[in-house]
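Chemist:
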Amino acid sequence: MEYIVVLSSAAGLVSGFGAAYYFTLKSAQKRAAEVLKEQALMIKDAERKAKTLLKEAKIEAKSRLLEMKSSFDAEIGDGRAELKREEKRLLSRTETIDKRQEKFERRELEFQKKEGDLHLRREDLVQKEAKCSRLVDETTRELERVASLTADQAKELLLKTMENEARHEGAKLVKRIMSEATEKADKEAKKIISTAIQRYAGDFVAERTVSVVQLPGDEMKGRIIGREGRNIRALEAATGIDLIIDDTPEAVILSGFNPVRREVARIALTRLISDGRIHPARIEDVVTRVTEEVDVTIKEAGEQAAFDLGVHGINPELIRVLGQLKFRTSYAQNVLQHSVEVAFLAGVMAAELGLNVKLAKRMGLLHDIGKAVDHEVDGPHALIGSKLAKKHGEADNVVNAIAAHHEDRMPESVYDYLVQAADALSGARPGARKETLENYVKRLEELEGVANSFGGVSNTYAIQAGREIRVIAESDKISDADAVVLSRDIAAKIEETLTFPGQIKVVVIRETRSVEYTNK
Numbered sequence: 008m009e010y011i012v013v014l015s016s017a018a019g020l021v022s023g024f025g026a027a028y029y030f031t032l033k034s035a036q037k038r039a040a041e042v043l044k045e046q047a048l049m050i051k052d053a054e055r056k057a058k059t060l061l062k063e064a065k066i067e068a069k070s071r072l073l074e075m076k077s078s079f080d081a082e083i084g085d086g087r088a089e090l091k092r093e094e095k096r097l098l099s100r101t102e103t104i105d106k107r108q109e110k111f112e113r114r115e116l117e118f119q120k121k122e123g124d125l126h127l128r129r130e131d132l133v134q135k136e137a138k139c140s141r142l143v144d145e146t147t148r149e150l151e152r153v154a155s156l157t158a159d160q161a162k163e164l165l166l167k168t169m170e171n172e173a174r175h176e177g178a179k180l181v182k183r184i185m186s187e188a189t190e191k192a193d194k195e196a197k198k199i200i201s202t203a204i205q206r207y208a209g210d211f212v213a214e215r216t217v218s219v220v221q222l223p224g225d226e227m228k229g230r231i232i233g234r235e236g237r238n239i240r241a242l243e244a245a246t247g248i249d250l251i252i253d254d255t256p257e258a259v260i261l262s263g264f265n266p267v268r269r270e271v272a273r274i275a276l277t278r279l280i281s282d283g284r285i286h287p288a289r290i291e292d293v294v295t296r297v298t299e300e301v302d303v304t305i306k307e308a309g310e311q312a313a314f315d316l317g318v319h320g321i322n323p324e325l326i327r328v329l330g331q332l333k334f335r336t337s338y339a340q341n342v343l344q345h346s347v348e349v350a351f352l353a354g355v356m357a358a359e360l361g362l363n364v365k366l367a368k369r370m371g372l373l374h375d376i377g378k379a380v381d382h383e384v385d386g387p388h389a390l391i392g393s394k395l396a397k398k399h400g401e402a403d404n405v406v407n408a409i410a411a412h413h414e415d416r417m418p419e420s421v422y423d424y425l426v427q428a429a430d431a432l433s434g435a436r437p438g439a440r441k442e443t444l445e446n447y448v449k450r451l452e453e454l455e456g457v458a459n460s461f462g463g464v465s466n467t468y469a470i471q472a473g474r475e476i477r478v479i480a481e482s483d484k485i486s487d488a489d490a491v492v493l494s495r496d497i498a499a500k501i502e503e504t505l506t507f508p509g510q511i512k513v514v515v516i517r518e519t520r521s522v523e524y525t526n527k
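When you read off a place in the sequence shown, starting at 1, and then add 7, the result is the number in this note's numbering.
(1) For the beta strand (DSSP E) that D415 lies in, which residues bound it at each end?
(2) What are the boundary residues of the beta strand (DSSP E) that includes D249?
(3) Does the separation of the CB atoms of A367 and Y422 fall below 9 Å?
(4) Roughly how many angstroms separate the alpha carbons of H374 and S465, rounded to a whole number?
(5) For the beta strand (DSSP E) that L156 lies in, which residues bound it at each end?
(6) Does the separation of the CB atoms of G330 and E307 fall below 9 Å?
(7) For the beta strand (DSSP E) containing L261, list its first residue and its last residue.
(8) With a cut-off of 8 Å, do at least 3 Cβ pairs link the stretch 231-247 to the stretch 272-290?
(9) So the beta strand (DSSP E) V515 belongs to, where does it begin and stop?
(10) Could you check the C-alpha separation between Q205 and T506 for me, to the nearest Å?
(11) If I measure Cβ to Cβ from L395 and keep anything under 8 Å in the same chain, skipping five residues before and after, which residues do I get?
(12) If I measure Cβ to Cβ from R335 and keep anything under 7 Å in the same chain, skipping five residues before and after, which residues do I get?
(13) Would you list the residues sitting across from S70 in a DSSP beta bridge?
(14) What residue range is occupied by the uninterrupted alpha helix (DSSP H) comprising R278?
(15) Report all residues from its chain with a CB closer than 6 Å to the CB of Y468; omit the five preceding and five following residues, and keep chain order.
(16) Can you tell me the Cα-Cα spacing of L332 and D430, whole angstroms?
(17) Taking the alpha carbon of E455 as the reference point, which residue from I511, V426 and E348 has its own alpha carbon closest?
(18) Residues in the same chain with beta-carbon distance under 7 Å from A208, minus the five sequence neighbours each way, listed in chain order, please.
(19) Please classify M227 as buried or exposed, where buried requires at least 16 other C-beta atoms within 10 Å of its C-beta.
(20) As a quick exercise: from E257, I239, E63 and G233, pick the residue whose alpha carbon is nearest that of V220.
(21) On the three-state DSSP scale, how would you describe N526?
(22) Can you name, in chain order, every residue of its own chain whose Cβ lies under 8 Å from the Cβ of R96, other than the five neighbours on each side?
(23) Leaving out five residues on either side along the sequence, give the residues of the same chain with a beta carbon under 7 Å from the beta carbon of I485.
(24) Tell me the DSSP secondary structure of N171 in three-state form.
(25) Report the CB separation of L352 from G371 in whole angstroms; it is logged as a contact under 8 Å.
(26) At what residues does the alpha helix (DSSP H) containing R327 begin and finish?
(27) Which runs of the alpha helix (DSSP H) spanning at least 4 residues fall entirely within the stretch 36-118, listed in chain order?
(28) To the nearest angstrom, report how far apart A53 and K33 are at their CA atoms.
(29) What's the C-alpha gap between D292 and V384?
(30) Is it buried or exposed for S393, if we count other Cβ within 10 angstroms and need 16 for buried?
(31) Per the DSSP calculation, T336 is bridged to which residue(s)?
(32) For T298, which of R278, L316 and L90 has the nearest alpha-carbon?
(33) With 16 as the cutoff for other CB atoms within 10 Å, does N526 come out buried or exposed?
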């Protein structure tokens, strides 16, 4: 029974499993059919999309192809144009090369022709050279036969003769050079000495180094001298100026090279005479006060000169040195007034030339600054002034203008020449430099005498206060060319023998007259 029950249970279980498998299989088949259906739909959709993308890709490819074709056509067109241009250039260059080649061929033919000519000429020259050699040999043998000397002996004799002549000429040349050197050295020495003498003892030495103080009476001389000369010694020690008390009635002479100290001594002595109290202590007190007053006057004079000309920015120490020129004279011309005049003239000429007027005035005002201290420092006043200006901060062009106004240094700019011209104009104008009648007449006579010393001169006339000399030449002895040489020689001799300010114009006049009379 149990066995039957087990079998029936197994059969039921098997039938249950079968039913479940059947239903599961049916369900799987249904799902598979649905999946296949979905796959078919998806394949159809993918094919449709693929066809669409293919159509779009074909359209885009055709568009890109058209663009590339147009771009290619454009590039092809540009390349063809460039090729045409290059072809034209090549044709032009080919033509040029052909022309040059033709030219070179012509020149080559010419050179070949010239080479042939040269070859012929060279052969001709060789033949002539051989002929000349034969002639020289024949002539040499003939000369040796006539002179009874060989060529070497004749050469030695000629060399000895030339050597003797050269020695003789050399001795004469050495003698002439030594004579000229001695003469030139003598002239230069005289010139240097005369320049030194002219600085301290020229024609106007009295006006340069001496001042005169008038006295109320001769009894004042004794009071100035003092007991055992103590007053005069105190005055000389305080001022640095020599007092000369001689037989000149009612006058005392103050002598010294420093014009400022001489002015201090003059004012101090005048005040002492007016006050009447003259003794060493009083003298020192008055000299001290006068020195301070003169220093103020010097400073004011320098400042006023700079202010009148509109020149600013000058170092105060340089202004003080400039003011000292108020008491300095050159050929009796006040140097400060001369400097102001030179500055004005230089400014006028600079304005006419379109240059810097203030710079030209500055150079003109300072050009003679060295004269304020040239009695204390060795050297030309132009170089002294340039060093002084450079020391106090003046620009290099101003320094060079000061140094070059007498050509102690070469001019470097047009301003240097303006200062030179203004200096010459100020010194040469009528009345600028005074002189006595005796010296004036003497100078004119010397000037005419120099011109009359030359041959062919019939007469001379010094005019314009000796600034110009006119020379009348004899036309039958002096030609037009000789007149030019004569004027130059006269000017050179005047420079060598005479001392004069500024410049002198030499005019040589040669006149030829032809006179005829009419008859009727």
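Just so it is clear, CB atoms sit at the ideal spot from N, CA and C, and this is done for glycine as well. The structure presented is a predicted model; accordingly, all values stated were derived computationally and were not measured.
Modeler: Answer, in terms of the structure:
(1) Where D415 is concerned, there is no enclosing beta strand (DSSP E), given that its DSSP letter is neither H nor E.
(2) It spans D249 to I251 - the beta strand (DSSP E) in which D249 sits, taken as one unbroken run.
(3) For A367 and Y422, yes; Cβs fall inside 9 Å.
(4) Whole-angstrom Cα-Cα distance: 42 Å.
(5) Element bounds for L156: n/a, residue is neither H nor E.
(6) Contact: yes.
(7) L261 -> beta strand (DSSP E) spans A258 to S262.
(8) Judged by Cβ distances under 8 Å, the stretch 231-247 makes contact with the stretch 272-290, as three or more pairs qualify.
(9) Per DSSP, V515 belongs to the beta strand (DSSP E) from K512 to R517.
(10) Since pLDDT at Q205 reaches only 45, below the 50 mark, its modelled position is unreliable, and no value is offered.
(11) Contacts found: L325, V328, I376, G377 and V380.
(12) If the five residues before and after R335 are omitted, its C-beta is found closer than 7 Å to the C-beta atoms of P266, V342, K378 and A379, all from its own chain and listed in chain order.
(13) Its beta-bridge partners do not exist; DSSP assigns none.
(14) For R278, the enclosing alpha helix (DSSP H) has its first and last residue at P266 to D282.
(15) Closer than 6 Å at the Cβ level, and outside the excluded window around Y468, lie R477.
(16) When rounded, the distance between both Cα atoms is 15 Å.
(17) Measuring from the Cα of E455, the nearest candidate turns out to be I511.
(18) Residue confidence for A208 is low, a pLDDT of 36 falling below 50, so the modelled location carries little weight and cannot support an answer.
(19) Counting C-beta atoms within 10 angstroms of its own C-beta, M227 has 16 or more neighbours from the protein chains shown and is therefore classed as buried.
(20) The residue with the shortest Cα to Cα distance from V220 is E257.
(21) DSSP places N526 in the coil class of the three-state scheme, outside both helix and strand.
(22) Hits under 8 Å: none found.
(23) So the list reads G463, L493 and R517, once near-sequence residues are dropped.
(24) In this structure, N171 counts as helix in the three-state DSSP scheme.
(25) Contact flag correct, Cβ pair sits at about 7 Å.
(26) R327 -> alpha helix (DSSP H) spans P323 to Q331.
(27) The qualifying runs do not exist here; there are none.
(28) The C-alpha of A53 lies about 30 Å from the C-alpha of K33.
(29) For D292 and V384, the gap between their C-alpha atoms comes out near 30 Å.
(30) Buried is the call here.
(31) DSSP links T336 through a beta bridge to N341.
(32) Cα-wise, what sits closest to T298 is R278.
(33) That one is exposed.
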